[in-house]
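Undergrad: Starting off with a structure, shown below.
Chains as they are written, first to last, in this note's numbering: chain A, 1 to 430; chain B, 431 to 586.
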């Protein structure tokens, strides 16, 4: 790889041993990729905090939090003193909500250790957003901005909706980027890999949040990790908003590995089909009509057989304030059934807005709860005795049966709120 | 545990195939091949503490990759891929080497932090040349993979 003088100096240790270790990792990673150079980044989203007993044990061996960062965020066996971050860094979701130790089965010991770790990384400069949707709470990259993000649903939103540039990074490459402001110039940082190769032609209207999840799941399954452009001959009637595109990308990155897509006339690099495809003919064109929509619905609902519901989870990816508002309106004056629990996940900053708006009170009065920092797939936490869950997220419906062996029903938010209040799945294809 | 390598009799040498490819992670390692046509998920796809594939419907579900030469199309799934294999290394249950076809950031970073010699961009498809149970020597530094077919191993 070709390095600038500044990068060579960092690699030579002129900015200290931690920056040197970070550059060493970026060299190994860049050479593995076959990258020719690094690109400057001023925007990292990653998981950094220490949350597991193994990490606690490593910290206790004497190196403290520096030992955890050295091993897990820099791939360095040698413990190096971690300086303050050079790059603006947002913390992603965790394996639990530290404010809900009982629901997540956390010992006091782990909650305390986590608290120490959170304080440590905040002191280094991490923003404790603790969400899979940093773009909801103050980290909205500009078109063309080079980023180093983890979290597949955030990566696909960053590339596709915002037109910023990131690959799917991991904990270690993000750790190196925080200390150096560099990431390999490869993949979606460059122009050509961002062009669409596949076309999804719509033959049905796609309007609701559920519609977008269905389309995303269909698309990911077909294109896997290639770049598609969604196109409608008649134009897309209702321009999809944040909750719709959040659901769409998360679904596409679950059934497949979509990290970048275009929607003609809507996303920033697809003012026309020609622009999205870079003037080339598509490799393949897929039609999405009523039959495909229905088959996708059946596929996501493949595990659901029992109508009794013990758990309704909303907030995958983390709910927007608009979605909490909608849930509050749907449940106001109703009660969550005694055999069922309703958990809603959102970033802490949005939870405080929901508190202020009175939505938290409405939801809690009905017997539900709003939590932050995590979700059931990340934490493996569900209410005791859960056999069947109802979800309004195609992503969560994809992962929960695999991770926990539960059955999942996927439907609209209204169907999920109804399931929470009746303890039964009365949804169906609509 | 890796069985010791005995000197190859002349007859069995004919059964040694050679692949050439590009170094991803340097080093030399050898072991028994574990081959799958399925992509592998890291987070949610493997148990990092036991070195086992756990993904529902994966053709290797329940099988251990610890100390094996893992031969597969590439990585898929969550951005926790590298962290899952990184943890497997700390638990001493990581693969001995990775041979794969599709380069992605998940795959590259995962291979790097696993510290397992790794290669890609082969002159012929390792998914077709290598079967589970073959003995495979990966010399990433020289860009060479040597495969002793399991039949030849059994008869030697």
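Backbone N, C-alpha and C fix where the C-beta goes; we use that ideal spot for every residue, glycine too.
8 angstroms is my cut-off, CB to CB: does residue 513 of chain B come that close to chain A?
TA: By this cut-off, residue 513 of chain B is an interface position.
Undergrad: Tell me where the alpha helix (DSSP H) around residue 321 of chain A begins and ends.
TA: Taken as a continuous stretch (DSSP letters only), the alpha helix (DSSP H) holding residue 321 of chain A covers 321-331.
Undergrad: Return the residue from the list A/243, A/284 and A/304 that minimises the CA-CA distance to residue 316 of chain A.
TA: Closest option to residue 316 of chain A, Cα to Cα, is A/243.
Undergrad: Answer with buried or exposed for residue 443 of chain A, where buried requires no fewer than 16 other C-beta atoms within 10 angstroms of its C-beta.
TA: An answer regarding residue 443 of chain A cannot be provided, because it is not within the stretch 1 to 430 covered by chain A.
Undergrad: Return the residue from the list A/39, A/164, A/179 and A/367 that minimises the CA-CA distance to residue 327 of chain A.
TA: The residue with the shortest Cα to Cα distance from residue 327 of chain A is A/367.
Undergrad: Assuming residue 172 of chain A is part of the alpha helix (DSSP H), what are its boundary residues?
TA: Start and end: 171-180.
Undergrad: Use the C-beta contact count for residue 28 of chain A: other C-beta atoms within 10 angstroms, 16 or more gives buried, fewer gives exposed.
TA: It counts as buried.
Undergrad: Which class does residue 11 of chain A belong to by DSSP, given the choice of helix, strand or coil?
TA: In the structure shown, residue 11 of chain A sits in a helix (DSSP, three-state: H, G or I).
Undergrad: What are the residues that DSSP puts in a beta bridge with residue 494 of chain B?
TA: BP columns for residue 494 of chain B point to B/482.
Undergrad: Rounded to the nearest angstrom, what separates residue 431 of chain B and residue 371 of chain A at their Cα positions?
TA: Because residue 431 of chain B sits at a pLDDT of 41, beneath the cut-off of 50, its placement in the model cannot be relied upon, and the following sentence gives the value as read from the coordinates. Whole-angstrom Cα-Cα distance: 46 angstroms.
Undergrad: Listed from N- to C-terminal order along the chain, which residues in the stretch 67-90 of chain A have their beta-carbon within a distance smaller than 8 angstroms of any beta-carbon of chain B?
TA: Per Cβ criterion, the list reads 71, 72 and 75.
Undergrad: Pull up the DSSP beta-bridge partners for residue 450 of chain B, would you.
TA: For residue 450 of chain B, which the question treats as bridged, DSSP gives the partners B/574.
Undergrad: Any beta carbon of chain A sitting closer than 8 angstroms to that of residue 533 of chain B?
TA: It does: the Cβ of residue 533 of chain B has a partner Cβ on chain A nearer than 8 angstroms.
Undergrad: Leaving out the 5 sequence neighbours to the left and right, which residues in its chain are closer than 7 angstroms to residue 226 of chain A when beta-carbon positions are compared?
TA: 197 and 198.
Undergrad: In chain order, what residues of the same chain have a beta carbon less than 6 angstroms from the beta carbon of residue 379 of chain A, not counting five sequence neighbours either side?
TA: Cβ within range, chain order: 95, 96 and 104.
Undergrad: Distance check for residue 233 of chain A and residue 201 of chain A, CA to CA, integer angstroms please.
TA: Between residue 201 of chain A and residue 233 of chain A, the C-alpha separation is close to 8 angstroms.
Undergrad: Give a yes or no on whether the minimum CB-CB distance between residue 150 of chain A and chain B is below 8 angstroms.
TA: Chain B, which has a Cβ nearer than 8 angstroms to the Cβ of residue 150 of chain A, makes this yes.
Undergrad: Alpha carbons only, please: which of B/544, B/504, B/582 and B/492 is nearest the one belonging to residue 557 of chain B?
TA: When each option's Cα is compared against that of residue 557 of chain B, the closest is B/504.
Undergrad: Find the nearest neighbour of residue 545 of chain B within the set B/566, B/474 and B/497, judged by alpha-carbon distance.
TA: Among B/566, B/474 and B/497, the Cα nearest to that of residue 545 of chain B belongs to B/497.
Undergrad: Can you pull the chain B neighbours of residue 167 of chain A, defined as C-beta to C-beta under 7 angstroms?
TA: Near residue 167 of chain A (Cβ distances below 7 angstroms), the residues of chain B are 535.
Undergrad: Please classify residue 367 of chain A: does DSSP put it in a helix, a strand, or coil?
TA: Reduced to three states, the DSSP call for residue 367 of chain A is coil.
Undergrad: Closest Cβ-Cβ distance between residue 173 of chain A and chain B: below 8 angstroms?
TA: Residue 173 of chain A counts as touching chain B.
Undergrad: Within the same chain, show all residues whose beta-carbon is closer than 6 angstroms to that of residue 164 of chain A, passing over the 5 residues directly before and after it, in chain order.
TA: The residues are 141, 145, 147 and 158.
Undergrad: Can you list, in chain order, the residues of the stretch 396-414 of chain A whose Cβ is nearer than 9 angstroms to any Cβ on chain B?
TA: Within the stretch 396-414 of chain A, the residues whose Cβ lies closer than 9 angstroms to some Cβ of chain B are 399, 401, 402, 403 and 405, listed in chain order.
Undergrad: DSSP three-state label for residue 288 of chain A, please.
TA: DSSP places residue 288 of chain A in strand when its eight states are reduced to three.
Undergrad: From the DSSP output, in three-state form, read off residue 248 of chain A for me.
TA: In this structure, residue 248 of chain A counts as helix in the three-state DSSP scheme.
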